[in-house]
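Engineer:
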Amino acid sequence: MTASVPSPEDGEPLPYKEVTDEAYARLAAGSFTVEEPRPGTLILRGPCPRCRAPMEIPLVSGIVRSPRAAGERLRRRPRPQQETVEPMMCTCEDDHPNRPEGRYGCGAYWTLTVSAGPR
Ligand SMILES: [Zn+2]
Ligand SMILES: [Zn+2]
178 MTASVPSPED GEPLPYKEVT DEAYARLAAG SFTVEEPRPG TLILRGPCPR CRAPMEIPLV
238 SGIVRSPRAA GERLRRRPRP QQETVEPMMC TCEDDHPNRP EGRYGCGAYW TLTVSAGPR
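In the numbering used here, the protein residues as written are 178 to 296.
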């Protein structure tokens, strides 16, 4: 018997679609790596969980507070680790049909929990 359903991995371009799935977050958590080439700059690297295009997303965090500048009052919140949840979106330049003009990626978006260890 021959299946007539084309394999999605078989070079068929994925149509652009703004979509998320909890599996994306899980896949990304397992496959993305975080590098810290310099203090305050993180680079997330990994394949898009939907279209598998390799991505490299620099996070220059203006969020990282200098240890003393942040109000001491905020310390009441327990912070076991420095974790930020980064919203991410596929930014590949691959060909995805139906993609609106001026957009990048396949439309997939997800969140990645990035834990930047205390230095
Ligand atoms: Zn993608
Ligand atoms: Zn793509």
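Beta carbons are placed, not taken as given, at the ideal position from N, Cα and C, and that holds for glycine.
Nothing here was measured: the structure is a model prediction, and the numbers come from that model.
If you drop the 5 nearest sequence neighbours on each side, which residues of the same chain put their C-beta closer than 8 angstroms to that of Thr218?
Structural biologist: Counting only Cβ-Cβ distances below 8 angstroms, and skipping sequence neighbours, we find Pro235, Leu236, Val237 and Ser238.
Engineer: Under 7 angstroms: does the beta carbon of Asp198 sit that close to some heavy atom of ligand 2?
Structural biologist: No - ligand 2 has no heavy atom lying nearer than 7 angstroms to the Cβ of Asp198.
Engineer: Take the Cβ of Ala246 as the centre, count every other Cβ of all protein chains shown within 10 Å, and call the residue buried at 16 or more, exposed below.
Structural biologist: Because Ala246 carries a pLDDT of 48, less than 50, the predicted location of this residue cannot be relied on, and the following value inherits that uncertainty. So Ala246 counts as exposed.
Engineer: Would Pro216 be called buried (16 or more neighbouring beta carbons within 10 Å of its own) or exposed?
Structural biologist: It counts as exposed.
Engineer: Comparing C-alpha positions only, which one of Leu289, Ser292, Thr290 and Gly284 sits nearest to Leu191?
Structural biologist: That would be Gly284, whose Cα lies nearest to the Cα of Leu191.
Engineer: Among the residues of its own chain, which have a CB less than 8 angstroms from the CB of Ser208, if the five just before and after it don't count?
Structural biologist: Same-chain partners within the cutoff: Gly223, Pro224 and Pro226.
Engineer: Return yes when at least one heavy atom of ligand 1 lies under 7 angstroms from the C-beta of Gly223, else no.
Structural biologist: False, no ligand heavy atom lies under 7 angstroms from that Cβ.
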